[in-house]
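In this note's numbering, the protein residues as written are 11 to 243.
Cβ coordinates follow ideal geometry from the N, Cα and C atoms, glycine included.
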Amino acid sequence: MASGIVALLAAAVLWGTVGPAQLLADTDVAPVALGACRMLLGGLALGVFTVRRAGLRTLWRPGARLWMPVSILVTAAFQACFLEAVDRTGAALATAVTFGTVPVVSGLWARGLDGERGGAAWWCGTVCSVAGVGLLLVPGEAARADAAGVFLGVVAGAGFGTYITATKRLARHGADTATAAPVSVVCAGVLVSPWLFAAPDGITEPRAVALVCWLALGTTALGYLLFTRAWPG
């Protein structure tokens with residue numbers, strides 16, 4: 011139990027570096043193209059350590075094969091929308107909005123699918139999250155948050171909250187979640203890969219290459235590896 015919590019916290023710390031790394035690199039790469047590179051390289055690297063032939067077969071079990079497309083779609087949405095939100099609103103705001111939305115959405119899924127009732131802490135957190143996002147959109151005298159960026163952060167958070175739910179459902183149907191993670195990431199990368207051809211500018215610059223390597227190997231491959239070890243379902 012303790013090791014699982016440590017692994018989950020470590021994954022959260024790694025994911026928390028995505029926005030700052032993106033801003034520090036200061037590249038001209040389109041965020042969605044960056045996300046495609048991150049998913050393709052990171053998913054392949056993760057798959058080297060986790061994918062097993064027997065595990066692949068479990069993804070086609072009844073029930074599991076219904077949740078795999080969901081996992082792929084929301085992974086693509088999370089990656090693309092979060093990087094775009096960081097580009098529009100900055101790392102701190104995008105991260106706060108995105109990961110403030112995650113427990114709200116995962117809690118709603120738990121209630122809708124399993125009838126779980128959120129406790130007082132969940133309701134308090136949900137109210138604070140919704141109120142916080144609303145306050146960000148209130149016009150101010152000095153500055154105003156980019157509404158599209160905030161919306162993309164909410165979509166990214168909803169995507170990751172749904173990914174958590176999909177992972178739990180896959181595990182419940184007997185799927186190997188350690189195999190499902192890289193399959194979802196790589197397939198999501200393929201979905202958004204057309205952006206690499208539509209907006210390839212800057213992708214081969216040294217700063218962009220270094221950023222892609224960190225996002226793919228550090229925050230994606232290692233981050234998802236820790237996540238699947240900590241929360242298999």
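Ranking Val42, Val137, Gly29, Ala31 by CA distance to the CA of Thr85 puts Val42 first. Spanning the alpha carbons of Trp133 and Pro210 requires a straight line of approximately 44 angstroms. According to the DSSP assignment, Gly144 belongs to the alpha helix (DSSP H) that extends over 130 to 146. With respect to the 8 angstroms criterion, Thr108 and Gly163 are classified as neighbours on the basis of their beta carbons. By the criterion of a C-beta distance shorter than 7 angstroms, Tyr234 is surrounded in its chain by Leu56, Ala191, Val195, once the five residues flanking it on both sides are discounted. Contact between Gly159 and Arg98 holds, with the beta-carbon distance rounding to 3 angstroms and staying under 8 angstroms.
The alpha-carbon separation between Phe207 and Val165 amounts to approximately 24 angstroms. Sequence-distant Cβ neighbours of Arg75 in its own chain, meaning closer than 7 angstroms and more than five residues away, are Leu69.
Fewer than three beta-carbon pairs drawn from the segment 104 to 124 and the segment 214 to 221 are found closer than 8 angstroms, and the two stretches are therefore not classed as touching. Val222 is classed as buried because its beta carbon has at least 16 other beta carbons within 10 Å across all chains shown. In this structure, Leu83 lies away from Leu232, with their beta-carbon atoms at least 8 angstroms apart. Taking C-beta separations shorter than 7 angstroms and ignoring five residues to either side along the sequence, the partners of Leu51 in its chain run Val222, Ala226, following chain order.
Separation of the CB atoms of Gln89 and Ala198 is rounded to 6 angstroms, and the pair is thereby assigned contact status at 8 angstroms. Of the residues assessed, Leu147 falls on the exposed side of the cut-off, its CB having fewer than 16 other CB atoms within 10 angstroms. About 4 angstroms separates the CB atoms of Leu236 and Ala21; that is less than 8 angstroms, so the two are in contact. The C-beta distance from Gly14 to Cys91 rounds to 28 angstroms, too long to fall under 8 angstroms, and the pair is not in contact. Residue burial is scored here from C-beta neighbours: Glu126 has fewer than 16 other C-beta atoms within 10 angstroms and is therefore classed as exposed. Gly212 carries a coil assignment under DSSP once its states are collapsed to helix, strand and coil.
The beta carbon of Arg239 sits closer than 6 angstroms to those of Ala17, all from its chain and outside the five residues before and after it, given in chain order.
In terms of Cβ geometry, Thr189 and Thr60 form a close pair [threshold 8 angstroms].
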